[in-house]
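Visitor: The structure that follows is given in the form of structure tokens.
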Amino acid sequence: MMYPEDILTDDTYDFLNIERPVAAPLYQTSLFTFPTVQSLREALGDERSTHLYSRGNNPTVEQVEKRLALLEGGECAKLFSSGVAAIASAILSNVKQDDHIICSTDAYTWAKYISGTYLKRFGITVTFVDTTNLEAVEQAITKQTKVIYLESPGTLMLRVQDLRKLAALARTHGITTIVDNTWATPIYQNPLQFGIDLVVHSASKYIGGHSDIIGGVVVGSKERVDHIFKTEFLPIGHVPDPFQAWLIQRGMRTLHVRLDYHYQSALKVCDFLYDHAAVEQVYYPMHPKSPYYALASSQMSGGSGLLSVRLKSSNRDKIEQAVDSMKMFRLGVSWGGYESLVFPTLATKEGESSILRLHIGLEHTETILEDLDHAFSLLKETV
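For reference, each letter of the sequence shown is one residue, going 11 to 393 in the numbering used here.
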């Protein structure tokens, strides 16, 4: 049996004819040269599997893709310059004019923008559906539906969708399913095992893990990923830089260790939040008190460090004061790195004032709890 940590440390560089390096080599080059016209001709005819020009394929990028595919349990993977590029390419490769998309209301904002705004100009329609409701999804299906786009657990409220049932429903109608698996990572959830067709990740989050890269990946069958390469990746050029890929691979070597700490710390923070007088509701599907725990546990073997909380107070000034007082939690829009982060929805134009998204980082858990307790104490008079 091969475990995730074995995949991230095995030697996969024999084809490069080099001396088994402990750290992966970096091929920071734009192009590759050839000894003969015939070898160049062969490479020009197969950019997917040869090294011709780094816009198409690069040894460093290729090795990251192989490891990501193994980790996710897919045949093939394609690395992109960003998570949004991966999402867009996965969707675009499966639709044409007059087609229809079902998109989860829990999906990432930019996934919803691509489906509902960007693709509208090409005559593609979308229905946004609560994909935790299987009946609602089934009712939204039309003869033109080509894609069901999911994110489980979903953005912000971390609701969990039944991936097995959704995949089975889509299959009966010949519809492609795409799932954003960024929250759980391939360590704790493998949607392809449930019958999902394509999995996308923001590698900027836990896969990279150090808040120093932007990247995305699509994983699926060789046929589907090769199709994406030919129809979206190569023509549009969402190219990951080799150094970016090298940093992703570096992060992957510690993914299973980091994620376990995020998970255990997040559970302790949830225990604290459930008992805190300032808190109305906690949103973290892998905590036993979550209404999604049974379903989440049947699909995932663990959780990450991202959770949300609804405060009892709706006093925007007090909540803003509490957030500004935090020392361990930095204000920021992303997550998945070492540092703890807070994102208050009141910072957005239409966001609810009482929702905070928290990323529980790798700092000492007790220090994180002390920081939260101090911040929430400022809300006492409004609770």
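The C-beta atom is built at its ideal place from N, Cα and C for all residues, glycine as well.
Just so we're clear, the structure is a prediction, and the values are computed from it rather than from any experiment.
1. Need the endpoints of the beta strand (DSSP E) that E161 sits in, please.
2. Per DSSP, F386 is paired with what?
3. Locate the beta strand (DSSP E) running through S87, then write down its first and last residues.
4. Along the alpha helix (DSSP H) that carries H272, what are the first and last residues, could you check?
5. Of the residues H286, G361, A276, P201, which one's Cα is nearest the Cα of S308?
6. Would the region 231-249 and the region 62-79 be scored as touching if the rule is three or more Cβ pairs under 8 Å?
7. Identify whether R51 lies in helix, strand or coil by the three-state DSSP scheme.
8. Going by beta carbon distance, what residues of the same chain come within less than 7 Å of E373, once the five residues before and after it are set aside?
9. Quick check on P245: buried or exposed, where buried means 16 or more other Cβ atoms within 10 Å of its Cβ?
10. When you compare the region 89-101 with the region 207-216, are there three or more beta-carbon pairs, one atom per stretch, that lie closer than 8 Å?
11. Any contact of the region 58-65 with the region 215-223, i.e. 3+ C-beta pairs under 8 Å?
12. Could you tell me which uninterrupted beta strand (DSSP E) segments, each at least 3 residues in length, are contained entirely in the region 122-156, listed from first to last along the chain?
13. I need the straight-line Cα distance from Y284 to S314, nearest angstrom please.
14. Would you tell me roughly how many angstroms separate the C-alpha atoms of S91 and M336, rounded to the nearest one?
15. Which partner residues of H211 appear in the DSSP bridge assignment?
16. Consult DSSP for R367 and reduce its assignment to one of helix, strand or coil.
17. Quick check on T377: does DSSP put it in helix, strand or coil?
18. Taking the alpha carbon of A150 as the reference point, which residue from T115, G226, L305 has its own alpha carbon closest?
19. Any chance you could list the alpha helix (DSSP H) runs of at least 4 consecutive residues sitting entirely within the region 56-86, in chain order?
20. Name, in chain order, the residues that DSSP records as bridge partners for P354.
21. Buried or exposed for H272, going by 16 or more other Cβ atoms inside 10 Å?
22. Mapping the DSSP letters down to three states, classify V393 as helix, strand or coil.
23. By how many angstroms is the C-alpha of G205 removed from the C-alpha of A178?
Guide: For this structure:
1. Sequence index remark: in the sequence shown, residue 161 carries index 151 (1-based). Start and end: 155-161.
2. Along the sequence shown, one-based indexing puts residue 386 at 376. DSSP output for F386 lists no bridge partner at all.
3. Here residue 87 refers to the residue found at position 77 of the sequence shown. It is Ala, not Ser, that sits at residue 87 in the sequence shown. Boundaries of the beta strand (DSSP E) around A87: 86-90.
4. Your numbering for residue 272 matches position 262 in the sequence shown. 265-284 is the span of the alpha helix (DSSP H), which, as asked, contains H272.
5. As a first step, residue 308 must be located in the sequence shown, where it is residue number 298. Measuring from the Cα of S308, the nearest candidate turns out to be P201.
6. By the Cβ rule, the region 231-249 counts as touching the region 62-79, because three or more pairs are nearer than 8 Å.
7. As a first step, residue 51 must be located in the sequence shown, where it is residue number 41. Here R51 sits in helix by DSSP.
8. Along the sequence shown, read from residue 1 onward, the residue named residue 373 stands at position 363. Excluding the 5 residues flanking it on each side, E373 has same chain C-beta neighbours closer than 7 Å at M338, S350, in chain order.
9. The sequence position of residue 245 within the sequence shown is 235, counting from 1. Looking at its Cβ environment, which holds fewer than 16 other Cβ atoms inside 10 Å, P245 is exposed.
10. Between the region 89-101 and the region 207-216 there are three or more inter-stretch CB-CB distances shorter than 8 Å, so the stretches are counted as touching.
11. Contact between the region 58-65 and the region 215-223 is absent, because fewer than three Cβ pairs lie under 8 Å.
12. The qualifying runs are 135-139.
13. What you label residue 284 is simply residue 274 of the sequence shown in a count that begins at 1. What you label residue 314 is simply residue 304 of the sequence shown in a count that begins at 1. Between Y284 and S314, the C-alpha separation is close to 18 Å.
14. Along the sequence shown, read from residue 1 onward, the residue named residue 91 stands at position 81. Along the sequence shown, read from residue 1 onward, the residue named residue 336 stands at position 326. Taking the straight line from one Cα to the other gives about 33 Å.
15. If you number the sequence shown from 1, residue 211 lands on position 201. As a beta-bridge residue in DSSP terms, H211 pairs with V227.
16. Taking the first residue of the sequence shown as position 1, residue 367 is located at position 357. Strand.
17. Position 367 of the sequence shown, counted from the start, is the residue given in the question as residue 377. Reduced to three states, the DSSP call for T377 is helix.
18. As a first step, residue 150 is located in the sequence shown; it is residue number 140 there, counting from the start. The residue with the shortest Cα to Cα distance from A150 is T115.
19. Taken in chain order, the unbroken stretches of alpha helix (DSSP H) that lie wholly in the region 56-86 and span 4 residues or more are 69-82.
20. Residue mapping note: residue 354 aligns to position 344 of the sequence shown, counting from 1. Note: P354 sits in a beta bridge opposite L366.
21. Indexing the sequence shown from 1 puts residue 272 at position 262. When all chains shown are included, H272 counts as buried.
22. What you label residue 393 is simply residue 383 of the sequence shown in a count that begins at 1. Because V393 carries a pLDDT of 45, less than 50, the predicted location of this residue cannot be relied on, and no value is offered for it.
23. Position 168 of the sequence shown, counted from the start, is the residue given in the question as residue 178. Position 195 of the sequence shown, counted from the start, is the residue given in the question as residue 205. As the crow flies, the alpha-carbon of A178 is around 7 Å from that of G205.
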